[in-house]
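Asks: Starting off with a structure, shown below.
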Amino acid sequence: MAGSSSKLQDAAAAGSRRKKPHEEHVNHEAWAIPYGDLITLLLAFFVVMYSMSSVNEGKYRALSDALNRAFKASPTTMEPIQLGKVARRGSRRDSGLMLSEPAGVMQMGGPHVPVSDRDTVVAMPQVAYLHSTRLAEVAGAAGFRELEAMAGEIRDSLAALIEEQQVSVRELPSGLEVEIKTDILFASGQAELDRRSLPVLSELARTLKKFRNPMQIHGYTDNLPISTARYPSNWELSASRAASVLALFAQAGVQPERMTILGHGEFKPVADNDSPEGRNANRRVVIFVRALGADELPANNFVGRPTGTVGG
Numbered sequence: 000m001a002g003s004s005s006k007l008q009d010a011a012a013a014g015s016r017r018k019k020p021h022e023e024h025v026n027h028e029a030w031a032i033p034y035g036d037l038i039t040l041l042l043a044f045f046v047v048m049y050s051m052s053s054v055n056e057g058k059y060r061a062l063s064d065a066l067n068r069a070f071k072a073s074p075t076t077m078e079p080i081q082l083g084k085v086a087r088r089g090s091r092r093d094s095g096l097m098l099s100e101p102a103g104v105m106q107m108g109g110p111h112v113p114v115s116d117r118d119t120v121v122a123m124p125q126v127a128y129l130h131s132t133r134l135a136e137v138a139g140a141a142g143f144r145e146l147e148a149m150a151g152e153i154r155d156s157l158a159a160l161i162e163e164q165q166v167s168v169r170e171l172p173s174g175l176e177v178e179i180k181t182d183i184l185f186a187s188g189q190a191e192l193d194r195r196s197l198p199v200l201s202e203l204a205r206t207l208k209k210f211r212n213p214m215q216i217h218g219y220t221d222n223l224p225i226s227t228a229r230y231p232s233n234w235e236l237s238a239s240r241a242a243s244v245l246a247l248f249a250q251a252g253v254q255p256e257r258m259t260i261l262g263h264g265e266f267k268p269v270a271d272n273d274s275p276e277g278r279n280a281n282r283r284v285v286i287f288v289r290a291l292g293a294d295e296l297p298a299n300n301f302v303g304r305p306t307g308t309v310g311g
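Numbered continuously in numbering that gives the first Met the number 0, the sequence shown closes out at residue 311.
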């Protein structure tokens with residue numbers, strides 16, 4: 000009995016040794032799932048990048064036409080283009096810039112833009128740009144008209160001195176310049192106004208006080224040295240002469256806050272100091288009247304002078 004059980008155990012052991020271990024199945028296609036996810040993410044990334052880099056042709060065409068009009072280039076016709084926030088006719092955000100009629104022409108000092116009979120879409124950034132550009136042009140024209148009127152009055156009132164070349168009036172892009180030779184204003188080496196100067200400066204002040212343009216009063220001398228207790232150099236002499244003119248203007252009614260003075264001494268000559276004529280030309284007082292900007296012009300400069308309309 001014991002022998003038979005021993006044989007059975009040996010046979011079972013031998014059979015177990017003959018059994019091969021079970022091999023686990025390896026999935027060789029498992030890499031395809033993360034690879035597919037990666038490809039999908041890359042595709043989505045490139046689609047987003049492409050959409051962000053696409054050029055808005057209409058936007059740049061509108062900007063180009065606006066710049067052409069601002070710099071007086073040849074006008075081009077442009078269809079209404081929607082840029083960013085827009086306002087439709089009858090909406091609460093039209094800001095008064097909508098057309099009053101469903102069909103017509105919008106005119107803002109530039110080319111005519113056809114308007115369809117459907118709801119009009121106005122590109123608000125472009126309209127604001129054109130409006131500010133046109134406003135600057137209108138303000139510049141109004142300021143120039145003021146300077147022209149001022150120059151005309153000064154030339155009429157000081158015609159005799161202009162003919163004698165004691166006074167000159169020049170219109171510059173930035174303002175109006177009135178130059179007076181100091182020989183009719185001051186004695187040599189002095190900054191007190193001569194009696195002969197009072198009618199000239201009073202007449203000039205009568206015109207200047209009608210306007211509100213800022214003014215600079217510049218004093219100049221020749222190169223002859225001066226050294227006194229009151230005027231140690233030509234700096235002090237030129238500044239004191241400009242201050243004397245300012246004081247007379249203020250007494251005559253010109254607003255003091257409009258005026259400033261500058262003394263240049265002998266350092267900005269307009270002629271050669273080697274001759275008496277040249278030194279005479281360099282001894283001068285210059286009143287520079289600055290042109291007003293758009294934010295400084297009185298409101299009545301625009302009344303009755305329309306320069307652009309919006310309508311059919």
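Where is the CB? At the ideal position from N, CA and C, for every residue including glycine. On a predicted model such as this, the values are computed, not experimentally measured, just so you know.
Using 8 Å as the threshold, is the C-beta distance between Val288 and Glu178 below it?
Replies: What you label residue 288 is simply residue 289 of the sequence shown in a count that begins at 1. What you label residue 178 is simply residue 179 of the sequence shown in a count that begins at 1. Against a cut-off of 8 Å, the Cβ pair of Glu178 and Val288 comes out as no contact.
Asks: In three-state terms, what does DSSP make of Tyr313?
Replies: The structure shown does not extend to residue 313, since the chain spans only 0 to 311, so no value can be given for it.
Asks: Compare the C-alpha of Ala186 against each of Glu152, Gly292, Leu236, Ala246 and name the closest.
Replies: Position 187 of the sequence shown, counted from the start, is the residue given in the question as residue 186. Taking only the C-alpha atoms, the option nearest Ala186 is Leu236.
Asks: In whole angstroms, what is the alpha-carbon distance linking Arg283 and Ala148?
Replies: Your numbering for residue 283 matches position 284 in the sequence shown. Your numbering for residue 148 matches position 149 in the sequence shown. About 24 Å.
Asks: Is DSSP giving Pro213 helix, strand or coil here?
Replies: In the sequence shown, residue 213 corresponds to position 214, counting from 1. Reduced to three states, the DSSP call for Pro213 is coil.
Asks: Do you know whose CA, among Arg257, Trp234, Thr220, lies nearest Asn272's CA?
Replies: Within the sequence shown, numbered from 1, the residue matching residue 272 stands at position 273. The option with the nearest alpha carbon to Asn272 is Thr220.
Asks: On the DSSP letters alone, give me the boundaries of the beta strand (DSSP E) that Leu261 sits inside.
Replies: In the sequence shown, counting from the first residue as 1, residue 261 sits at position 262. That run of the beta strand (DSSP E) goes 258-262.
Asks: Of the residues Ala31, Leu291, His217, Asp182, which one's Cα is nearest the Cα of Glu163?
Replies: For the purposes of this step, residue 163 is taken as the residue at position 164 of the sequence shown. Checked all of Ala31, Leu291, His217, Asp182; the closest Cα to Glu163 is Asp182.
Asks: Using only CA atoms, which one of Asn222, Ile161, Gln215 lies nearest to Lys180?
Replies: Within the sequence shown, residue 180 is the residue found at index 181, counting from 1. Among Asn222, Ile161, Gln215, the Cα nearest to that of Lys180 belongs to Ile161.
Asks: Which two residues bound the contiguous alpha helix (DSSP H) that contains Leu207?
Replies: As a working note, residue 207 is residue 208 in the sequence shown. Per DSSP, Leu207 belongs to the alpha helix (DSSP H) from 196-207.
Asks: Going by C-alpha distance, which of Leu291, Arg144, Phe266 is nearest Arg257?
Replies: Along the sequence shown, read from residue 1 onward, the residue named residue 257 stands at position 258. Looking at the Cα atoms, Leu291 is the closest of the given residues.
Asks: Taking 8 Å as the threshold, find out whether the stretch 223-240 comes into contact with the stretch 198-213 through three or more Cβ pairs.
Replies: When C-beta atoms of the stretch 223-240 are compared with those of the stretch 198-213, fewer than three pairs fall below 8 Å, so the two segments do not count as touching.
Asks: Does the count of Cβ pairs from the stretch 191-200 and the stretch 262-279 closer than 8 Å reach three?
Replies: Segment contact: the stretch 191-200 against the stretch 262-279, fewer than three CB-CB distances shorter than 8 Å; contact not assigned.
Asks: Could you check what DSSP says for Val244 in three-state terms: helix, strand or coil?
Replies: Your numbering for residue 244 matches position 245 in the sequence shown. If DSSP states are grouped into helix, strand and coil, Val244 belongs with the helices.
Asks: Going by CA-CA distance only, name the one from Phe44, Gly264, Met51 that's closest to Asn222.
Replies: For the purposes of this step, residue 222 is taken as residue 223 along the sequence shown, with counting starting at 1. Checked all of Phe44, Gly264, Met51; the closest Cα to Asn222 is Gly264.
Asks: Quick check on Ser239: does DSSP put it in helix, strand or coil?
Replies: Along the sequence shown, read from residue 1 onward, the residue named residue 239 stands at position 240. If DSSP states are grouped into helix, strand and coil, Ser239 belongs with the helices.
Asks: From the DSSP output, in three-state form, read off Arg282 for me.
Replies: Numbered from 1 along the sequence shown, position 283 holds the residue referred to as residue 282. Coil, per DSSP.
Asks: Where Pro33 and Leu41 are concerned, what is the direct C-alpha to C-alpha distance, given to the nearest angstrom?
Replies: Within the sequence shown, numbered from 1, the residue matching residue 33 stands at position 34. Within the sequence shown, numbered from 1, the residue matching residue 41 stands at position 42. One C-alpha to the other measures close to 12 Å.
Asks: In the structure shown, what three-state DSSP assignment does Ser99 receive?
Replies: Numbered from 1 along the sequence shown, position 100 holds the residue referred to as residue 99. Caution applies to Ser99, whose pLDDT of 42 falls short of 50 and renders its modelled position unreliable; the value that the coordinates give is listed next. If DSSP states are grouped into helix, strand and coil, Ser99 belongs with coil.
Asks: Does the separation of the CB atoms of Ala251 and Lys208 fall below 8 Å?
Replies: As a working note, residue 251 is residue 252 in the sequence shown. As a working note, residue 208 is residue 209 in the sequence shown. Taking 8 Å as the Cβ cut-off, Ala251 and Lys208 qualify as a contacting pair.
Asks: Compare the beta carbon distance of Gly351 and Trp234 with 8 Å and say whether it is the shorter of the two.
Replies: Residue 351 falls outside the range modelled here, since the chain spans only 0 to 311, and no answer is possible.
Asks: Taking all protein chains shown into account, do 16 or more other C-beta atoms lie within 10 angstroms of the C-beta of Glu191, making it buried, or fewer, making it exposed?
Replies: Here residue 191 is taken as the residue at index 192 of the sequence shown, counted from 1. Classification for Glu191: exposed.
Asks: Between the C-alpha atoms of Phe248 and Asn67, what's the straight-line distance to the nearest angstrom?
Replies: Numbered from its first residue, the sequence shown carries residue 248 at position 249. Numbered from its first residue, the sequence shown carries residue 67 at position 68. Each residue's alpha carbon lies about 45 Å from the other.
Asks: Quick one: is Val46 buried, meaning 16 or more other Cβ sit within 10 Å of its Cβ, or exposed?
Replies: Counted from its first residue, the sequence shown places residue 46 at position 47. Val46 comes out exposed.
Asks: Rounded to a whole number of angstroms, what is the C-alpha to C-alpha distance between Val85 and Ser243?
Replies: For the purposes of this step, residue 85 is taken as the residue at position 86 of the sequence shown. For the purposes of this step, residue 243 is taken as the residue at position 244 of the sequence shown. In this prediction, Val85 scores a pLDDT of 46, lower than 50, which makes its location untrustworthy; the coordinate-derived value is nonetheless stated afterwards. For Val85 and Ser243, the distance between alpha carbons rounds to 58 Å.
Asks: What are the boundary residues of the beta strand (DSSP E) that Leu160 is part of?
Replies: Reading the sequence shown from its first residue, position 161 is the one you call residue 160. For Leu160, no beta strand (DSSP E) run applies; the uninterrupted alpha helix (DSSP H) run containing it begins and ends at 158-162, by DSSP.
Asks: At which residues does the beta strand (DSSP E) containing Leu223 begin and terminate?
Replies: For the purposes of this step, residue 223 is taken as the residue at position 224 of the sequence shown. Where Leu223 is concerned, there is no enclosing beta strand (DSSP E), given that its DSSP letter is neither H nor E.
Asks: Going along the chain, which residues of its own chain have a beta-carbon closer than 7 Å to the beta-carbon of Ala241, five neighbours each way excluded?
Replies: Your numbering for residue 241 matches position 242 in the sequence shown. The answer, listed in chain order, is Ile216, His217, Gly218, Ile260, Leu261, Gly262, Val284.
Asks: Give the straight-line distance between the Cα atoms of Trp30 and Arg60, rounded to the nearest whole angstrom.
Replies: Residue 30 sits at position 31 when you count from the first residue of the sequence shown. Residue 60 sits at position 61 when you count from the first residue of the sequence shown. Cα to Cα, the separation comes out at about 50 Å.
Asks: From Glu28 to Ile38, what does the alpha carbon distance come to, in whole angstroms?
Replies: Within the sequence shown, residue 28 is the residue found at index 29, counting from 1. Within the sequence shown, residue 38 is the residue found at index 39, counting from 1. Spanning the two alpha carbons is a distance of roughly 16 Å.
Asks: Skipping 5 residues on each side, what residues in its chain have a beta carbon closer than 7 Å to that of Asn279?
Replies: As a first step, residue 279 is located in the sequence shown; it is residue number 280 there, counting from the start. Cβ neighbours of Asn279 beyond the five flanking positions: Lys180, Asp182.
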